[in-house]
Every structure is written in structure tokens, then in C-alpha cells.
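There are 4 protein chains.
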Amino acid sequence: MKFKNDRPIYIQIEKFIRENILKGKWGSDDRVPSIRELAVDMEVNPNTVMRAYSELQDQDIIYNKRGIGYFINENARKKVMQQSKKNFLQKQLPQVFNQMELLNINFNELEEYYREYETKGEDNETIK
Amino acid sequence: MKFKNDRPIYIQIEKFIRENILKGKWGSDDRVPSIRELAVDMEVNPNTVMRAYSELQDQDIIYNKRGIGYFINENARKKVMQQSKKNFLQKQLPQVFNQMELLNINFNELEEYYREYETKGEDNETIK
Amino acid sequence: MKFKNDRPIYIQIEKFIRENILKGKWGSDDRVPSIRELAVDMEVNPNTVMRAYSELQDQDIIYNKRGIGYFINENARKKVMQQSKKNFLQKQLPQVFNQMELLNINFNELEEYYREYETKGEDNETIK
Amino acid sequence: MKFKNDRPIYIQIEKFIRENILKGKWGSDDRVPSIRELAVDMEVNPNTVMRAYSELQDQDIIYNKRGIGYFINENARKKVMQQSKKNFLQKQLPQVFNQMELLNINFNELEEYYREYETKGEDNETIK
DNA sequence: GTGGTCTAGACCACC
DNA sequence: GTGGTCTAGACCACA
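Protein chains in written order, with this note's numbering: chain H, 535 to 662; chain E, 535 to 662; chain X, 535 to 662; chain Z, 535 to 662.
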């Protein structure tokens, strides 16, 4: 896995897990990859994966069965959805709209960009 | 001034300067606050303001007259505008659109949020 | 059975056995549940129950008849009583008294809490 | 500093900080020792201190000023007091009373133990 | 000077 | 096999 340099790796791993939950790849009580496994897979140190998992556990997204592994919590999807949506509406969007004001971009232009993005993305969607 | 903890303070100061240029508060050859002044104002270490100014100077946004102060460069607004727009289109927007996919938010909803933001913001605009 | 996550499961199983001996539920030469039985009952791995039993056997609290099962040792109750009392007086109590100091709780308050606990517990006792 | 073997060192460091707050050694906005400093002092790895501080920060007991250090949060004492008291009343005490039942220890005996502890501790108190 | 992230690797407890 | 803790040490960003 390729990581970006602007944010800590463990945050990006967290995000990776969250996105897989959102996408429905892992459901309630499904087991997530073991720390070592994921560490090898992503070519990072187990400690780094561990840190990501710990944070997710603190937020009740995943839970641990001693000696067995980590599992998706019952309400994980709902919770992640709420968190993400809240962040999107209260942080991300206002910033974007504010930036639009500063850059004199109106909503019609935004729509153009959206349509452009939409068509570019189509290939991927059908593959999935 | 209150800074967020997730990004370096000097970056947030840079952003503050950039936004004031975009808003037209400071035009060509206008003097920006002195390092000391701004440091006191924002309750940060002068070194931190210094760093922000240095970066802006490196990008030809502001220039320095020794012993006098820092001033807005001639093409500053144009330059900031370009940089911001590029960042907006290539970084910010794609992330937002991507997040919309994950959260199952379509463009109509986005428009609703925009209208909401628009009306809420009106008060501020008249004050300015 | 629900286990707490802060201590090993096998320790909690040990404690469960010890408490039943103290309560008089199991007397000398009584048979304790088989490893399999208890494992199913508590939804844990048989190895884990095994470990608890081994420890108890090492301490001469229970003994094993091969192919038949585990049984309470003759002096088990006396022994458990001694161990528990020692632990209570030398570990648990000093910690509590120390904590009382930090929290500015005096002995009178402690008595109140005790009376409260006493009355609350009455219901259970009659049921048993 | 001497650590016990039954609990993780970082937990014991956390407890150390908490107790110093309770004792009034550090008040609001006081600076706590730097990570490196405390690490040397306690003869542990900086990472271990770091972990303790991170947890305390997550619980809003301490906060961080970038590049400067960690400081006691405004309501830290109140918060720590509440947490400790809650833990004492809801976890520690019930266990003790329960154990007293099992061991056939009545409240009068408890008082004896308390008086004993009280007199033993007097020396230390006058020294402090 | 401060904290933050990460690696490599060890050792342990638990299941 | 699993996770959890800890060390030693490096490197970086920040004030």
C-alpha cells in the first residue's frame, strides 16, 4: 500500500479500515486482518498497525477478543457513517463553500466540476 | 487568535495572510503587520510569524524592506488566486466528491447544503 | 459468562471456582464441572479452563481423577480462605485506605457506604 | 522510580501524574515535566512516557502547546477527582465489601484494620 | 529545546 | 497463532 506523506501512516490505516466498513466489505462481528498480517501486507511496522487498531477500539469501531483478533463492532457502520457525515457537513463542506467565495466560484461552476468528476469515475464503478 | 492543533501554526498564519489578500484587505505595496505586532496579536512566538513571512516571501507574495517592514507584492493577488484555485480543484474538490460517494450524498443534497450555507452567510457579508 | 477485559480469563475462572468454594457451594470431594462443560458454559476455549484448573491443582485446591474429573480437595476451603484473607489484608485494604486519603474520605463516610451496601445486598442473600 | 510488575508502566506513570494533581502538586496551567525529562528521571523509554501523556491528553487532563510542552488542564483536578471517586465507589468498594462477606469479616474488624493503618501512616504525613 | 512518528526487534501473556 | 508492552534509536517538524 502506498501512503501519502502529509498525514501519519496510522491515520491512513484507520481511514482504510473505516472506508472498508462504509463500503460494506466488513460487517458486524467480521474479523479484520490480524495486526501482523496487515503490517506485512502494507509493509509497515506492526506497531503502526497496532496504533491504528487501538484508536479504532477506543472509538468502539472494533473490539478485541483476547488471543484471537480484532472484530467489527455491532454498530460500527452506523457510527462510522455518523462520524464521517458530521465531519463532512461541519468541517469539509463549510471550508469548500468558504473557499468558493474567496475564489469567486459560483454553484454552476461547481456543478461542472462535479459532472466532470462523475464521468471520469464511471469506469471504476463498473469494475467494482 | 485561536489556532487548530492539527496543522502547524505558521501554516495557519500564512493562510490568514493569503485570505486577507484574496479578500482585498491588503493591496499592492500595502504594508502587512510587523512580525512583532502580529506575534503579540496572535499570542505566538515571533519566530513562528517569521517563518510564515519567510515562506510568503519565498513565493513572492510579500517582500521586505529592511528596517521598515513587509509589503504586498505587485502580483500577489493574482498569484495567490492561482495557487488557491489549483489546490481547490486538484485536491479539495476530488476529496469532497469522493467522500460524497462513500456517504451516499448526491448532487441535489449538495445543492441544498450550499443554499443553506449561502443564506446563513449573508449577515456577515453585509457587515464587511 | 461475561469476562472483564482487564484481567486474564483463566484468572477470572479461578476466582469463580474459589468463590464457590468459599460460599460453600462445593464441599470436600465434590466434583467440579468438567473442563468441556465449563468451557461451553462460559463460551471460552477449553484450554483456558484447563489452565485455570491446572493452577488450582498446583495449589492443592482441587485434584484430578484421571478419566473421571476434578474434585475439591479436603482442605480446600481452609486454604482458599487463608489465601484470600492474606490478599485482602495485605493488598486490597491498604490500597483502599490509601485511596481514601487521596480522595479525602474519612472513616465515617466509609461506614455510610458500608451500610448502604449492606441493605442493598439483603435481597440477594435471601434468594440464595 | 520503581514500578510494579503487575501493571503496564505507562499506566503507573498515568497514575503518578493523576496523584500529583490530586495532591495539589500541579495546578491549572502548570507545566508537567517534559517527556524526555520524565523518561530519564524514571529510567524508562520516552515512548513509554509519551503513551501515558497521550492517554491523559485524550481524557482532557493535560493539554499540549506545540513545541513547548504539556500543561495541566483547567478542570483537571475536578475531573481526576470525579473519575477516581467514581471508580472507588463503584468498583473498589463493592469488591471490598463483597470480599468481606466471603471472608466473614464484619465492619468492626474493618475499623480495627483502619486504625492500624492510620497510626502506621502518621510518620509519613508529618514528613510531607 | 519541545513533541510526534516510525522502525526493528525483543519478550511476554494469552488462547 | 493472537495482541500488548517496552526499548533503543532514528528522523522530522515545530517554537
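All residues carry an ideal CB built from backbone N, CA and C; glycine is no exception. Just so you know, these numbers come straight off a predicted model, no measurement behind them.
Check, Outcome
"Using only CA atoms, which one of Z:636, Z:637, Z:638 and Z:645 lies nearest to residue 671 (chain X)?", "Residue 671 (chain X) is absent from the model: chain X starts at 535 and stops at 662."
"Considering only residues of the same chain and omitting the five flanking positions on each side of residue 594 (chain X), which have a CB-CB separation below 6 angstroms?", "607"
"Find out if the Cβ-Cβ distance for the pair residue 586 (chain H), residue 555 (chain H) is shorter than 8 angstroms.", "no"
"With DSSP as the reference, label residue 681 (chain H) as helix, strand or coil.", "In the structure displayed, chain H extends from 535 to 662; residue 681 (chain H) sits before or after that span and is not available."
"In the region 601–623 of chain Z, which residues sit with their C-beta less than 9 angstroms from some C-beta in chain X, listed in chain order?", "615, 618, 619, 621, 622 and 623"
"How many angstroms separate the CA atom of residue 591 (chain H) from the CA atom of residue 547 (chain H)?", "13 angstroms"
"Taking any Cβ of chain Z, which residues in the region 550–575 of chain X have a Cβ under 8 angstroms from it, in chain order?", "553, 556 and 557"
"Run through DSSP, which three-state label would residue 552 (chain H) get?", "helix"
"What distance in whole Å lies between the Cβ atoms of residue 637 (chain X) and residue 618 (chain Z), which are believed to be in contact at a cut-off of 8 angstroms?", "6 angstroms"
"For residue 538 (chain Z), which three-state DSSP category applies?", "coil"
"Rounding to the nearest angstrom, what Cα-Cα distance links residue 649 (chain E) and residue 538 (chain E) in this structure?", "27 angstroms"
"CA-CA distance, residue 639 (chain E) and residue 560 (chain E)?", "38 angstroms"
"Answer with buried or exposed for residue 602 (chain Z), where buried requires no fewer than 16 other C-beta atoms within 10 angstroms of its C-beta.", "exposed"
"To which residues does DSSP link residue 559 (chain Z) through a beta bridge?", "For residue 559 (chain Z), which the question treats as bridged, DSSP gives no partner whatsoever."
"I want to see whether chain H comes within less than 8 angstroms of residue 545 (chain X), judged by CB atoms only; does it?", "no"
"Is residue 589 (chain Z) close to chain E? Criterion is C-beta to C-beta, closer than 8 angstroms.", "no"
"Report the option in X:623, X:643, X:605 and X:612 whose CA atom is closest to the CA atom of residue 622 (chain Z).", "X:643"
"Since I believe residue 542 (chain H) is in contact with residue 651 (chain E) (beta carbons under 8 angstroms), could you give me their beta-carbon distance rounded to a whole number of angstroms?", "No, residue 651 (chain E) and residue 542 (chain H) are not in contact; Cβ-Cβ is about 31 angstroms, not under 8 angstroms."
"Shortest alpha-carbon distance to residue 613 (chain Z) belongs to which of Z:540, Z:544, Z:633 and Z:553?", "Z:553"
"Check residue 649 (chain Z) in the structure and name its three-state DSSP category.", "helix"
"Measure from the C-beta of residue 583 (chain H) to each C-beta in chain E and report whether the shortest distance is under 8 angstroms.", "no"
"Ends of the beta strand (DSSP E) at residue 599 (chain X)?", "596–599"
"In angstroms with no decimal places, state the Cα-to-Cα distance between residue 563 (chain X) and residue 599 (chain H).", "35 angstroms"
"Residues of chain X with CB under 8 angstroms from residue 641 (chain Z), in chain order?", "645 and 648"
"Report yes or no: is there a C-beta of chain Z within less than 8 angstroms of the C-beta of residue 542 (chain X)?", "no"
"Which runs of the beta strand (DSSP E) at least 3 residues long sit entirely within the region 587–636 of chain X? Give them in chain order.", "596–599 and 603–606"
"What does the Cβ neighbour count give for residue 583 (chain Z), buried or exposed, with the cut at 16 atoms within 10 Å?", "buried"
"Could you name the residues of chain H that residue 631 (chain E) contacts, counting a contact when the two beta carbons are closer than 7 angstroms?", "648 and 651"
"Less than 8 angstroms separating the beta-carbons of residue 576 (chain Z) and residue 535 (chain Z)?", "yes"
"Just how far apart, CA to CA, sit residue 570 (chain Z) and residue 565 (chain H)?", "38 angstroms"
"Of all the options H:641, H:633 and H:610, which has the alpha carbon lying nearest to the alpha carbon of residue 620 (chain E)?", "H:633"
"What residue from H:581, H:625 and H:589 has the CA that sits closest to residue 549 (chain H)'s CA?", "H:589"
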